[in-house]
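As structure tokens, the structure follows; a few thoughts come after it.
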Amino acid sequence: LPASEVCLLWVAKGIEQNFGKEIKEWVSSHPKEKMIVHDTAVMGRPNVSEMSVEAAKKWGAEVVIVTSNPEGSRDVKRGFKIDQRARILVDIDHIRINYSSLGDREAGCC
2 LPASEVCLLW
12 VAKGIEQNFG
22 KEIKEWVSSH
32 PKEKMIVHDT
42 AVMGRPNVSE
52 MSVEAAKKWG
62 AEVVIVTSNP
72 EGSRDVKRGF
82 KIDQRARILV
92 DIDHIRINYS
102 SLGDREAGCC
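When we follow the numbering used here, the leftmost residue of the sequence shown carries the number 2, and every step to the right adds one.
This is the structure:
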């Protein structure tokens, strides 16, 4: 998908310290209106479930992909079940991808 068709809500602690300057810069190059980056070390801990549902509404999301710890994933899924906004909700924690079966292009990050 072209980057303009992907929206990102990223909630993490110490983004640059934990993920590196390169990842932070790469994410920062995404269109600002299609991205929310919330560093909990700076901004405190948000209600991620509520934040996810509101972001999906704002962006008109048809698919929502969640990667979190089991409790965080459950909270976000519960928020969408209550709101019934997302047509498809994917929990990355339950997907297993065999990268060795993918070609070089697909296995790369971007």
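Glycine included, each C-beta is placed from N, C-alpha and C at the ideal position.
Counting beta carbon pairs with one atom in the stretch 34-43 and one in the stretch 13-22, are three or more of them shorter than 8 Å?
yes
Taking 8 Å as the cut-off, does the stretch 42-49 touch the stretch 68-87 (at least 3 CB pairs, one atom from each stretch)?
yes
To the nearest angstrom, how far is the alpha carbon of leucine 9 from that of lysine 33?
10 Å
Look up glutamine 76 in the DSSP assignment and give the residues it is bridged to.
The sequence given here has aspartate at residue 76, not glutamine. DSSP lists no partner for aspartate 76.
For alanine 108 and valine 67, I'd like the C-alpha separation in whole angstroms.
The predicted position of alanine 108 is uncertain, since its pLDDT is 37 and thus under 50; no value can be drawn from it.
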